[in-house]
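Visitor: Below is one structure. I have some questions about it.
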Amino acid sequence: MSQYRIAIIGGGPGGLTLARLLHLGGLTVSVFERDTHADDRPQGGTLDLHADTGQRALRLAGLERQFLAAARYDDQGIRLYDSSGTLLFGDDESDGDRPEVDRTALRHMLIESLPAGMIRWGTRVDRIEPGNDGRHDVIAGGVRESFDLVVGADGAWSKVRALLSDAKPVYEGVTMVELGFDDVDRRHPAVAALTGRGKMFALGDNRGLILQRNGHAHIRGYFALRTEQPWAPALEDATPDAIRHRILEYLTGWGDALTNAVWSADTVIGVRPLYALPVGHRWAHRPGMTLIGDAAHLMSPFGGEGVNLAMTDAADLAAALIQGDDAAVERFEEAMAARAAPAADGAAQGLRHSISPTGPAAALAHFREVMVAAA
Ligand SMILES: Cc1cc2nc3c(=O)[nH]c(=O)nc-3n(C[C@H](O)[C@H](O)[C@H](O)COP(=O)(O)OP(=O)(O)OC[C@H]3O[C@@H](n4cnc5c(N)ncnc54)[C@H](O)[C@@H]3O)c2cc1C
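All residue numbers for the sequence shown refer to our numbering, where the first residue is -1 and numbers rise by one.
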């Protein structure tokens, strides 16, 4: 069994959790990651890890202590404003079990749990080809290497997926621009007060401003716009100020607290059109190759489930592989698809309700429903 070689393509939360669990199970693993090191590119904002999915995977990975050191239970509040900046709904309580953890902190705790050399940094996989005896060759930078199992944990635009399925991510009609605010309690007290302890949504006609508290006194902002074609001001072509001006044009008539927040952002981090795979995406099982996380079931972040699913996939696939037969991997794929479908449906609905022609109405109804259900 120790000769069985597994290639994980992608060192995101899904791939790294899988690598850790397989390593604990005594299997031989290589992680191919195109980033040259852990902090190669901005990793994105904060993630809420749910008790029975993301947190469970970290417990199985023996990383509960590290997780508790990084988890921010205080940042679980949620607020909803209308476009004038009037508060419609606010729950600043922090008694839930979905603490926030910065993506960077999560990545570091997983990386540090792996033996040196297991992650092949700066190694972009170019293609996968069928090899001998049911194995597959991973080709990266002109080097070809043979593996018994290739796991595509390579995210939205997965190269591995293309060998299993014709499905392609489809633009969901909303583009987000990501903004950064640093040292907020000292330098941006108004933005900090607007955000509260957690995240806030200000929603208007087919657009929204979302602010979310991260660790280290940072707030990550997202301007979201429903637009038929992806909004495409590449950061290389447009200065951050030009992008800020464009956003403010879209926010004409919005309350001062909201427009001032956009104007005061320290950085314009990126422009992100939202894509999703078809809800219920699945493929015919093929021995020697599988997918986890966004590669298998990319969905919009408006369900808050993506990373939790990716880490749960990792936990379940590790259990199947440690059990050791191909039938267990096929059963894992069935269970993963069944679990992801309702989450993907919820994420699509969350996006439709949040960035909607009726502004905050649908989101408000949803928040109230959740509160009544929780009472
Ligand atoms: C703005 C935003 C906010 C989000 N907020 C939340 C949230 O609050 N809660 C939540 O649960 N989810 C959230 N998500 C979703 C979450 O980020 C993803 O579901 C999660 O990161 C998926 O993990 P993954 O490991 O499957 O893929 P990824 O995180 O995409 O990791 C894939 C890795 O593969 C590497 N890679 C790709 N191609 C190659 C290649 N050819 N060769 C080598 N390496 C390669 C990439 O560099 C990357 O490191 C959010 C997403 C976005 C965009």
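Think of the CB as a built atom: it goes at the ideal place given N, C-alpha and C, for glycine as much as any other residue. All values derive from a computational prediction rather than experimental measurement.
Under 7 Å from any heavy atom of ligand 1, does the C-beta of Val269 make it?
Guide: No, the beta carbon of Val269 sits no closer than 7 Å to any heavy atom of ligand 1.
Visitor: So, for Met(-1): in the same chain, excluding its five sequence neighbours on each side, which residues have a beta-carbon less than 6 Å away from its beta-carbon?
Guide: Confidence at Met(-1) is low in this model, with a pLDDT of 45, below 50, so its placement is unreliable and no value can be given for it.
Visitor: Relative to the alpha-carbon of Leu108, which residue among Asp135, Thr173, Phe179, Arg18 has its alpha-carbon at the smallest distance?
Guide: Here the closest residue by C-alpha is Arg18.
Visitor: With DSSP as the reference, label Met(-1) as helix, strand or coil.
Guide: Caution applies to Met(-1), whose pLDDT of 45 falls short of 50 and renders its modelled position unreliable; the model cannot decide the point.
Visitor: For ligand 3, any of its heavy atoms closer than 7 Å to the Cβ of Asn306?
Guide: This structure lacks ligand 3; the ligands present are ligand 1.
Visitor: Provide the residue span of the beta strand (DSSP E) that contains Glu127, from first to last.
Guide: Looking at the DSSP string, the run of the beta strand (DSSP E) that includes Glu127 is 123 to 128.
Visitor: Express the C-alpha separation of Glu176 and Gly115 in angstroms, rounding to a whole number.
Guide: Using only the alpha carbons, I get a separation of about 33 Å.
Visitor: One question on the structure: do Thr401 and Met309 come within less than 8 Å of each other, judged by their Cβ atoms?
Guide: Given a span of -1 to 373 for the chain in the structure shown, any question on residue 401 remains unanswerable.
Visitor: Is Val136 near ligand 1 - that is, is its Cβ less than 7 Å away from at least one heavy atom of it?
Guide: Answer for Val136: no, Cβ out of range of ligand 1.
Visitor: If I measure Cβ to Cβ from Leu192 and keep anything under 7 Å in the same chain, skipping five residues before and after, which residues do I get?
Guide: Closer than 7 Å at Cβ, skipping near neighbours: Met198, Leu209, Ala255, Ala259.
Visitor: What residue range is occupied by the uninterrupted alpha helix (DSSP H) comprising Ile241?
Guide: Segment 238 to 248, the alpha helix (DSSP H) holding Ile241.
Visitor: In this structure, does DSSP put Thr102 in helix, strand or coil?
Guide: Thr102 falls in the helix class under three-state DSSP.
Visitor: Tell me whether the stretch 207 to 225 and the stretch 163 to 181 touch, counting them as touching only if at least three CB pairs, one residue from each stretch, are closer than 8 Å.
Guide: Judged by Cβ distances under 8 Å, the stretch 207 to 225 makes contact with the stretch 163 to 181, as three or more pairs qualify.
Visitor: Where DSSP assigns a beta bridge to Phe30, which residues make up the other side?
Guide: Ile7, Arg118, per the DSSP bridge assignment.
Visitor: Assign Asp292 to buried or exposed, taking buried as 16 or more other Cβ atoms, counted over all protein chains shown, within 10 Å of its Cβ.
Guide: Buried, because 16 or more other Cβ atoms sit within 10 Å of the Cβ of Asp292.
Visitor: Please name the residue, chosen from Ala341, Ala240, Glu127, that lies closest to Val277 on a Cα-to-Cα basis.
Guide: Considering only alpha carbons, the answer is Ala341.
Visitor: Pull up the distance between the alpha-carbon of Pro40 and that of His216, whole angstroms please.
Guide: Straight-line Cα distance between these residues: approximately 13 Å.
Visitor: Work out the CA separation of Gly206 and Thr257 for me, nearest whole Å.
Guide: Each residue's alpha carbon lies about 11 Å from the other.
Visitor: State the Cα-Cα distance for the pair Arg122 and Thr34, rounded to the nearest angstrom.
Guide: Arg122 and Thr34: Cα-Cα distance of roughly 10 Å.
Visitor: Please state whether DSSP places Arg96 in a helix, a strand or coil.
Guide: In the structure shown, Arg96 sits in coil (DSSP, three-state: anything other than H, G, I, E or B).
Visitor: For ligand 1, is there a heavy atom less than 7 Å away from the beta-carbon of Thr84?
Guide: No.
Visitor: Have a look at Glu91 and Gln74 and give me their C-alpha separation to the nearest angstrom.
Guide: Each residue's Cα considered, the two are about 7 Å apart.
Visitor: Check the DSSP bridge columns for Phe87 and list the partner residues they point to.
Guide: Beta-bridge pairing links Phe87 to Leu78.
Visitor: Under 8 Å, with one C-beta from each stretch per pair, do the stretch 62 to 79 and the stretch -1 to 18 reach the 3-pair mark?
Guide: No, because fewer than three Cβ pairs between the stretch 62 to 79 and the stretch -1 to 18 fall closer than 8 Å, the two stretches do not touch.
Visitor: Check whether the Cβ atoms of Ser298 and Leu362 sit closer than 8 Å, and answer yes or no.
Guide: No.
Visitor: Please find out if some non-hydrogen atom of ligand 1 comes closer than 7 Å to the beta-carbon of Arg159.
Guide: It does not: the Cβ of Arg159 is nowhere closer than 7 Å to a heavy atom of ligand 1.
Visitor: Could you pull the start and end residues of the beta strand (DSSP E) that Gly196 belongs to?
Guide: From DSSP, the beta strand (DSSP E) with Gly196 extends over 196 to 202.
Visitor: Return the CA-CA distance between Trp229 and Val266, expressed in angstroms with no decimal places.
Guide: Going by the C-alpha atoms only, they are around 15 Å apart.
Visitor: When DSSP builds the beta bridges, which residues end up paired with Glu110?
Guide: Note: Glu110 sits in no beta bridge, so no partner.
Visitor: If you compare alpha carbons, which of Asp311, Gly88, Glu127, Trp281 is closest to Lys166?
Guide: The shortest Cα separation from Lys166 among Asp311, Gly88, Glu127, Trp281 belongs to Trp281.
Visitor: Classify Ala325 as buried or exposed, calling it buried when 16 or more other Cβ atoms lie within 10 Å of its own Cβ.
Guide: By the 10 Å Cβ count, Ala325 comes out exposed.
Visitor: Taking the alpha carbon of Ile320 as the point to measure from, which residue in Leu147, Phe365, Ser81 has its own alpha carbon closest?
Guide: Checked all of Leu147, Phe365, Ser81; the closest Cα to Ile320 is Leu147.
Visitor: Using only the alpha-carbon positions, how far apart do Thr288 and Val149 sit?
Guide: Going from the Cα of Thr288 to the Cα of Val149 covers about 5 Å.
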